[in-house]
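Chains as they are written, first to last, in this note's numbering: chain P, 1 to 524; chain S, 1 to 308; chain U, 1 to 313.
Note that beta-carbon positions come from the ideal geometry of N, C-alpha and C, so glycine has one too.
Computed from a prediction, not measured in an experiment: that's the story for all the values here.
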Amino acid sequence: MAFRRSVLGLVAATAALLAPGIAPAQTLKAVMHSDVKIVDPIWTTAYIVRNHGYMIYDTLFALDGQGEVKPQMVDTYTMSPDNLAYTFTLRDGLKWHDGKPVTAEDCVASIKRWGARDSLGQKLMTFVEGMSTDDAKRFTVKLKSPTGLLLFGLAKPSSNVPFMMPKRVAETDPNQQISDFTGSGPFVMKTDEWKPGDRIVYTKFKDYKPRPEPASGLAGGKVVKVDRVEWLAISDQQQAVNALLAGEIDLIEQPAYDLIPLLKSDSSVKLVDYNPLGLQYAMRPNHLIKPFDNPKVRQALTYALNQTDFLQAVVGDPDYYKTCKALFVCGSPLATDKGMDGLLESNFAKSKQLLKEAGYDGTPIVLLHSTDLQTLTNLGPVAKQLLEKGGFKVDMQSSDWQTVVSRRVRKDPADKGGWNLMNTSWVSADILNPVMSSFMNMSCDKAPFGWPCDAEMEKLRDDFAREVDPAKQKALAEAVQMRWREVVPYVHLGQFYIPIAARKNVTGILTAAAPVFWNVEKTK
Amino acid sequence: MSAEPTLLAPAVAAPLPLGRTLAARLLRNPVVALGAGFLLLMALVGALAPVLGTLDPTAINPATRNRPPGFERTIRAEDGTTTTYRHRMGTDSLGRDVYSRVLYGARISLLIAVSVAALSLAIGLLLGLVAGYIRPLDGPIMRLMDGLMAIPGILLAIAVVSLFRAGLPAVIAAIVVPEIPRVVRLVRSIVLSVREEPYVEAAIMAGTRLPLLMARHILPNTVAPLIVQGTFIAASAILVEAVLSFLGIGIPPETPSWGNIMAEGRNLFRVYPHNILYPGIFLGLTVLAVNMLGDGLRDTLDPKMTGR
Amino acid sequence: MLGYVLRRLLAAIPVLAIVAVLVFLMLRLTPGDPAAVIAGDNASSEQIAQVRSKLGLDQPLPAQFAIWIGNLATGNLGESFFFKKSIGELILGRIEPTLSLAAATMLIAVCLAIPLGVVAAYRHGSWLDRIVMGVSVLGFSVPVFVIGYLLIYIFAITLGWFPVQGYQPLSGGLGGYLHRLVLPSLTLSVVYIALIARMTRASVLEVLNEDYIRTARAKGQVERKILFRHALKNAAVPIVTVVGIGIALLIGGVVVTESVFAIPGLGRLTVDAVLARDYPTIQALILMFSGVYVLINLLIDLTYSLFDPRIRH
């Protein structure tokens, strides 16, 4: 080892002698939580594609470290006195990777495509009267009624992020994937070096004009401090950690929890908590078919389960999890325990009583269990054990995650290829309020898989979308939580945090809702 | 990695020597005795798992996960009494007792070995006899077998597993399908060569009916090579199951098998090696025993190969 | 000879046709829905239906099959559902690592196993023979991934001689290329060393009992010469067979080894494609592997006549 290092040092020294004055190109090698296969961040909500989006695209607005909306590509904006028209002016010097300037037309087309695809975007579009370009750098959005959603939506930090794309790309049918990867973000994708299943490569965009402010959260100046970033696909978790410890890579986005002791004990690496809000586990019942079509049976879930068992089984180290009954994430402005007393405490007697009242006949619940995603695998057995203690019969069906994904959209009865229960997780930044949170969407057929249906909840969500006063928003969030207790669209199983593991010499990792690579530096 | 040893099985062997002398000869071979003895022991361990001081192998306990071998846990019974349980082989990432899982896992791993061997021999024997005896069906069956054989076994297994709902039957089917063509070829070649023997031709001339012909002349000739082939299939089945688990498409972890205990523990190899070590030792020794049994059987049953 | 090769190549066509039908049917009968996977996590059923029709998956099975075969006939392997690349391009980019791994593995296996087998046969019944045979049985009693982890732990982590993972193309320099190839091919070769050593020992033993060896010995020829000129040459046919079949079976081991060492080869591509239900990619890959298998079998048969002039085609 020592020998190899000294040889490398010698080689590096020789190279430096031979090429005086030219700093060697700095490459940052990272292992992300998944491989980049699909490359359209508007088409898919997959988090890896969102992360890819932050590399090569830029946003009009962004949330800073304090969670406030700050302009990013936008220089200034004005509001009409009746709050119904917003005019945005773009910054000077914004360029696409092909060298052409970013125009207002590009942005309008991009907002339209995002608004057709994203759940928050769709809600926002119901408020929009129309969009028009005033000149090459200015455009106006006219609203039917005032809403706080416009700026917040344009600064949406997580999937789907309203990334700006050139007009020719943004005019792609929202239901088809784009095939032109020109952005205006701080990195350029090297399409010729992209090998799905192996690596995706980005280089610094020389013509990118960062904002003058220091970077904060996803806002501020996006100053790139390395020449090249490579995301390598290492599917074996332990091998990724081995490679990091051996210095073959610089960073792991989501190291396996059980391997963290190994990382903590080695002085050449460090763990960085970059996402203070973390993620939330969620269990989704299928509201369409028996027995979870009955609200009482869904309520039984909230009594039978408890968060600690899940978090201990999956995360283990209490440094990286938190039991939290607030639906809109502990540590966020809308966090509240209202309506949660007595729930999620594994009160098996109460659960059994509710099942009896509901007339549950003991038909086994089909629980979809994915065995290949490290962060989800251990949820299934815990759910099965708790639910069985609470009076349910459970048929846990194991498969790979992709099978779960294709099965959970089926509305058939559980014994004919359908399902009753499944587990997943959300990045907290996606569920900060009742409108964003997709599992809170109870619009029957239009709701995502699970298809919950409740007019009263939908009215509360609409009211929230219209509300601009933070105090009243909080009151509405509490009302949503009270209604949640009755109709139980999903159950939250606790909050968890995944640190980035990096070599000691990697500095400047930003605290934000998504892992981003600007501001990151590799020192000697 | 799958069926290589089976290729070493002889294509044609002499009829099975009958009677006690054979059993005696087999047991006198130390390799056979050792292999058979160990397998018997494993079968007993699997059968007696509930009374060998085990816990429920699926009972999870998030509070005591990833504990080293020898860790002691206090278990509180429903009536309030407490007992201390010693996790001889530690606990896994869900707090399940590795010792119990390994012992119960013997059941599944041996079940897979035996049923894969039995099924592939049965199906292969049937198809091989048909192909070897019924001329019009020979072509179609053998072309299908050629096709199956040309697909890499592990890919075929992956595809078969995803055909069914992941579980024990799917895994068994997945390992059986790629093994069948080799058995068919073996049986067919035996049938073809036996048909040419003068005594068989004489029997056919004398008008012996087909079932009798099969029972008296053809089947006995297939027994020895098939038994040998079967042992090698059994050994490779245990390994293939482990590989399928490694790729995430094996038996669901709620039913412990040696393969899936190892596969689940593989990410923790460096921090908690007991998760992979103990099932690994059981799996390795068992496969070794099956292979030894197979080698010994071949040496004893196949005169052509004796003396080696 | 040439006629024989042509006949054999023609005979391969029905085999590949059967493989094509089998693979096609198997994929269409699997429960996974590529459209649902492609449409993303929160897609509605309408969006999924749209994707399905765009991929042509809503057409009847015979029509889908006809389209695929039609494209194949014109040399068009189609486009991957996921990677937005033509499958030909995708496969080409993955061949080098797998080929290197396979070649290095077989090289190590043959170079170690044949001498071991010959020596074991020559010293038949000695402690050396027992050790070689014992270790070789052990060799195929341990799953590949366990061997991989052990070698990584010893040689990469503890001793630091080799990198933990990764692949470097040959174009990046021979040194780095070989350096990264050693551990994976060693891992994969263990089972082949066991296999080939056993086969070599068995066939050499058989030959050593033949009359002409006795004659050679009686004539007072040097033992080394007897062993390598007469015995090994005459034992070559079964050894070549087992090596050839080993190459054909290599793909199974490659899948696992490539996963453990993060090598971007065809094995990883296959597993990724299966898990993502990328039908056209899986079809193309399996067809290709089957073609390789058929070809290798032909080559084995042809080499027979090289070693044993009595075999004529």
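- Residue P448(P) holds the alpha-carbon nearest to the alpha-carbon of S119(P) among V491(P), I509(P) and P448(P).
- Under the DSSP assignment, K54(U) falls in the alpha helix (DSSP H) whose first and last residues are S45 to K54.
- Excluding five sequence positions before and after G494(P), the CB atoms of its chain that fall closer than 8 Å to its own CB belong to Q280, Y281, Q307, T308, F310, L311, Y321, K322, T323 and C324, given in chain order.
- The DSSP-derived three-state label of G418(P) is coil.
- For a Cβ distance threshold of 8 Å, residue set N267, L268, R270 and V271 of chain S lies close to L259(P), ordered along the chain.
- The three-state secondary structure of Y490(P), taken from DSSP, is coil.
- Contact residues of the stretch 109 to 129 of chain S toward chain P are absent (C-beta to C-beta distance below 7 Å).
- Around the CB of W127(U), fewer than 16 other CB atoms lie within 10 Å, so the residue is classed as exposed.
- The beta carbon of S236(S) falls within 9 Å of a beta carbon belonging to chain U, placing the residue at that interface.
- Put simply, the CB of G296(S) is far from chain P, with every gap to its CB atoms at 9 Å or more.
- Residues of the stretch 82 to 105 of chain P that bring their beta carbon within less than 8 Å of a beta carbon in chain S are absent altogether.
- Where I48(P) is concerned, the enclosing alpha helix (DSSP H) starts and stops at Y47 to I56.
- Per DSSP, reduced to three states, the secondary structure at V271(S) is coil, with no helix or strand assignment.
- Listed in chain order, the beta strand (DSSP E) elements of length 3 or more contained wholly in the stretch 253 to 301 of chain S amount to none.
- For V31(P), the pairing in a beta bridge is given by DSSP as L232(P) and I252(P).
- Note on geometry: alpha-carbon atoms of S115(S) and I172(S) lie some 7 Å from one another.
- Annotation: the stretch 87 to 139 of chain S contains the following complete segments of the alpha helix (DSSP H) (minimum length 4 residues), in chain order: 98 to 133.
- At a cut-off of 9 Å between C-beta atoms, G248(S) counts as an interface residue with respect to chain P.
- Nearest C-alpha to L227(U) among N71(U), I114(U), L22(U) and L2(U): I114(U).
- Using a C-beta cut-off of 8 Å, the stretch 51 to 69 of chain P makes contact with the stretch 160 to 170 of chain P, since at least three inter-stretch Cβ pairs fall below that distance.
- Under the 8 Å Cβ criterion, the stretch 138 to 156 of chain S counts as touching the stretch 178 to 193 of chain S, having at least three qualifying pairs.
- In terms of Cα proximity to A113(S), the closest of F38(S), I233(S), R216(S) and Y133(S) is I233(S).
- Look at S398(P): its C-beta is under 9 Å from a C-beta on chain S.
- Between G217(P) and A471(P), the C-beta gap is not smaller than 9 Å, which leaves the two residues out of contact.
- In terms of beta-carbon proximity, T105(U) stays away from the interface with chain S, with every pair separated by 9 Å or more.
- Residues of chain S whose Cβ lies closer than 8 Å to the Cβ of I251(U) are, in chain order, P152, I154 and L155.
- Neighbours of P256(S) across chain P, judged by C-beta separation under 7 Å, do not exist; the nearest C-beta is about 12 Å away.
- In terms of beta-carbon proximity, D58(U) stays away from the interface with chain P, with every pair separated by 9 Å or more.
- For A63(S), the residues of chain P that pass the 7 Å Cβ criterion are Q312, in the order they occur in the chain.
- When C-beta distances to chain U are compared with 8 Å, the residues of the stretch 179 to 206 of chain P below that value are S179, K195, P196, G197, D198 and R199, in chain order.
- Under the criterion of beta carbons closer than 8 Å, A501(P) and L271(P) qualify as touching, at roughly 6 Å.
- Take T302(P), set aside five residues on each side of it, and the residues of its chain with a beta-carbon closer than 8 Å to its own are L343, L344, R485, V488 and V491, in chain order.
- A Cβ-Cβ distance of about 6 Å is found for the pair G278(P) and F496(P), placing them in contact under the 8 Å criterion.
- If you look at R182(S), you'll find it in the alpha helix (DSSP H) that goes L168 to E196.
- Between the stretch 149 to 162 of chain S and the stretch 268 to 285 of chain U there are three or more inter-stretch CB-CB distances shorter than 8 Å, so the stretches are counted as touching.
- Only G160, P163, V164, Q165 and G166 from the stretch 160 to 184 of chain U bring a Cβ to less than 8 Å from some Cβ of chain P.
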